[in-house]
Every structure is written in structure tokens, then in C-alpha cells.
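Residue numbers (our numbering): 5 to 383. C-beta atoms are modelled at their ideal positions from N, C-alpha and C, and glycine is treated no differently. Inspection log for the structure reproduced underneath, given as C-alpha cells.
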Ligand code: SF4
């Protein structure tokens, strides 16, 4: 591939586009950001997909078609030899794009080759073997992911307590725009610092009784606000602080970052340790992590756990079938939500409100009668 300003597009998944953009511009390639996923994207993707395929596939295909229609030269897809259908996504999408008559180039980023997969991808896309530049690009992209996750958890804290609705999200969005302007680690760090400072200026109600919820599920749905119908914003407005159990940075720690650079136990390591009584091995997707997240939430005494996954997601169907037993054993409120193109907003919000009510009542009850709650928990 020649080193010219080619336009490369990639699928959306929450704010991950910021890290893609950072890596591509560092190696001299123009990152083309497809229009953010919308109902139109979903309808384009659904129209050109098998009916029973999972939601992320449809949205990714929709992102690509919208990018191609806007004149992009390359579309980039993440590939991985996972146990579920993800391993087939790339080839299917490439084939569908050909059948639709698009001649746009297709290039894969094989994440399960770890850092090597990233290096190969950036060499291919930039047409240069400039290892110094490539290592810089990877480092900057990884640090960007961590910065975005830090901002996200800050946002969650302030959103649940803010007096003026939407104030912390405004500050968060401004911080993202500043992060996008960074060209090196120093600028990134200062944009992050500034962003955290701006969010923390948001006026909060110190008396509000906050609930704490862990959000787990299939990684795409957890991290993508379009497909989870902005669940964190909805919960924030109800006074719930959400912690993403499955974040992009935790995935990077398990799949990309070499062992010598990791501190402490990773999410996957914890999953193998905790999930054993309920699930003995990795069954694909994020099921093992999700099962262990219930026990991790219980350990930290949070008020509840919400599990989100796409309709027909095979690994998550398995984890959902394990949850009733876990609910019984732990007495932890668990809400499972299945998302697809048919998910209606009104019913969805009603379910969230009912769950928040349930957690509040349980919390009040445990304050009045802690012994009773402990007795249930000890069962
Ligand atoms: S984890 Fe589920 S949603 Fe994700 S690719 Fe696999 S089957 Fe599809």
C-alpha cells in the first residue's frame, strides 16, 4: 500500500473511534470516521444481513456501507479467532460488500495476534515499515483507550449526582474533542487532566442517595451507547452510578498488552478464578467474564448488576441461563436485557425503572434489617 493520504474507515463502538483515529494519523493515514451509528445505519445493516445474525454485525456492516458511500478507500475490521461467530464476521462482511458491488479495499486487524497484529495492520495500512512511528501509534492508541475509560467512569460518578441534567456529559464530550487534538502522550495527558477537571466542576447534589450498578454483557453492547440505548445516561438520571465491568481497556489488558507491562489480576484472570463454580471454561464471547462479574459485584457489595447482550448471542444465552442460580445464591439483583433492532424504548425504560425501584427497596430494607439480608446472603 502506498504511503499517500488514503482514507480508512472503521466501525463504531462507543468512543473507540478516537483511539483508531489517533493510531492512523500517527502513521500518516487519514482516519475517516463514519457517521455515528444511527437508525439509518441499523436499517442499512439489517437489510443486508442474515436475520438471525447478532446486532453488532448488522451495525458494523451498516457503518461500512455508510463510509463507502461517503468515498472511503479502505474499511478496517477487527478479526479474531473466537469461539463464537466473531471469527466469521470479517470474511462475511468482505463477501457481502463484494456482492453489493463495492470495490473498496478491505483490511483486517487481527487482535488475537496481540501487538504483532497491530504492527502488521499499521504496516499494511501505511505502506511503511517505520517501526518507531508504528510503536508510537500503538502506544498512543492504547493510552487513549485508558484515558477514555477514565473519563467515562468520572462521567458516571458525576452524572448520577449532577444538579443540572446533562452538564457532566457536556464536559465529557468537550474533553473527547480535546483528546482528539492530541498528537503525543504529553498532549494526551494534559487533555485528560483538563477533561477530568472540567467534569469535576459540575455541581452535584451531595445528599442524593446513589445506587451502584455494574454493567456487564457482550463487549460491543456494553460499550456502544447506540446499541444499549444509552443505558448509562438513563440510569444516571435515576441516580445510579454505573461501573462498566467490561471496558475496552480491560480487553486490551487481556488481549494486547504484554504480561510484563500489566499490574495485578486482569479481568480474564479474575474470570477464570471466580466463575469456576458456575462455568468451567471459556465458551466464547464474554460469557465467562459475565458470570464472574456477578460474583465480583457481590464481593464489592454493589446494589445490582445489569447484563446487556444482543439477541441470538450464543455465549450470552448461556450466561443468562446461569444467572437464575447465581441470583438465588448471592441475592444480588440481576437484570438481563436483550437488545436487537426491535427493542422498543418505552418498554426498555420501564424495565430499568422497575429494576432501580427494586434495588432501592432492597437497600432500604437492608438498612432497616441488616440481619435478615445477611441471613439471605449467607445461604
Ligand atoms: S459474542 Fe455474541 S454478539 Fe458478539 S460476535 Fe459472538 S455471538 Fe455475536
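- With distances taken between CA atoms, residue 62 lies nearest to 314 out of 278, 314, 267, 150.
- Contact check between the region 267-278 and the region 228-247: fewer than three CB pairs, one atom from each, fall below 8 Å, which does not count as touching.
- For residue 116, the Cβ stays outside the 8 Å cut-off from all heavy atoms of ligand 1.
- Remark: the C-beta of residue 314 is in contact range of ligand 1, defined as less than 8 Å to any heavy atom.
- Of the residues assessed, residue 363 falls on the buried side of the cut-off, its CB having 16 or more other CB atoms within 10 angstroms.
- In this structure, residue 41 sits near residue 16, with a CB-CB distance shorter than 9 Å.
- For residue 98, the CB contacts under 8 Å within the same chain, skipping 5 residues up- and downstream, are 81, 110 in chain order.
- Collapsing the DSSP output to three states places residue 273 in a helix.
- With fewer than 16 other Cβ atoms inside 10 Å of its own Cβ, residue 346 counts as exposed.
- Within 8 Å of the C-beta of residue 288 there is at least one heavy atom belonging to ligand 1.
- For residue 311, the secondary structure class from DSSP, reduced to helix, strand or coil, is strand.
- Take the alpha-carbon of residue 56 and the one of residue 318: they are about 11 Å apart.
- With a cut-off of 8 Å, the C-beta of residue 318 is classified as near ligand 1, since at least one heavy atom of the ligand falls inside that distance.
- Looking at 182, 173, 348, the one whose alpha-carbon comes closest to that of residue 203 is 173.
- Within 8 Å of the C-beta of residue 293 there is not a single heavy atom belonging to ligand 1.
- Assignment of residue 248 by DSSP, reduced to helix, strand and coil, places it in the strand class.
- Distance between residue 303 and residue 320, taken at the CA atoms: about 22 Å.
- Excluding five sequence positions before and after residue 70, the CB atoms of its chain that fall closer than 7 Å to its own CB belong to 38, 39, 45, 48, given in chain order.
- Secondary structure at residue 113: strand, using DSSP grouped into helix, strand and coil.
- Following the DSSP letters along the chain, one finds residue 174 inside the alpha helix (DSSP H) bounded by residues 171-184.
- Between residue 252 and residue 227, the C-beta gap is smaller than 9 Å, which places the two residues in contact.
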